[in-house]
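Residue numbers for the sequence shown follow this note's numbering, so the first one is 11 and each next one is one higher. All C-beta atoms, glycine included, are put in the ideal place defined by N, C-alpha and C. Since the structure comes first, as structure tokens, the remarks are kept for the end.
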Amino acid sequence: MLNNLACEAAAWPVPGPYPFRPAPGGLLYWAGNYSGDQCFWLTEGDDPDHWRRYDLGVARFLLLALSGEDPTLNLLGLADSTAPLWVPEPDTDPTDAQR
Numbered sequence: 011m012l013n014n015l016a017c018e019a020a021a022w023p024v025p026g027p028y029p030f031r032p033a034p035g036g037l038l039y040w041a042g043n044y045s046g047d048q049c050f051w052l053t054e055g056d057d058p059d060h061w062r063r064y065d066l067g068v069a070r071f072l073l074l075a076l077s078g079e080d081p082t083l084n085l086l087g088l089a090d091s092t093a094p095l096w097v098p099e100p101d102t103d104p105t106d107a108q109r
């Protein structure tokens with residue numbers, strides 16, 4: 011994964027606002043999905059003990075981020091979004107499209 015991130019960082023003509031870890035203040039990869047979305051922690055500060063910690067699983071973390079229950083995670087703006095966060099795929103037979 012780190013090699014992939016290094017290749018992506020080198021390929022972008024305009025770098026993002028944050029470098030990748032181990033650079034100071036860099037992004038630390040912690041999760042991804044099959045769609046290619048990636049989740050990172052912003053590692054501000056030199057001491058990891060001072061980074062905001064969430065002692066819970068990823069599912070509970072995402073619930074906090076999406077529900078607006080956590081004031082810090084509210085800064086992400088996910089709870090206020092009117093856009094659908096997930097839409098189920100239509101329940102159709104692939105052969106129906108050919109008819």
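Query                                                                                                                                      : Result
What first and last residue would you give for the beta strand (DSSP E) that runs through F50?                                             : 48-52
Out of Y44, Y28, F71, N84, which one is the CA nearest neighbour of L52?                                                                   : Y28
Return the Cβ separation of D80 and L74 in integer angstroms, given the expectation that the two are a contact with Cβ distance under 8 Å. : 4 Å
In this structure, does DSSP put L72 in helix, strand or coil?                                                                             : helix
So the beta strand (DSSP E) A41 belongs to, where does it begin and stop?                                                                  : 37-42
Excluding the 5 residues flanking R62 on each side, which residues of the same chain have their C-beta closer than 8 Å to its C-beta?      : T82
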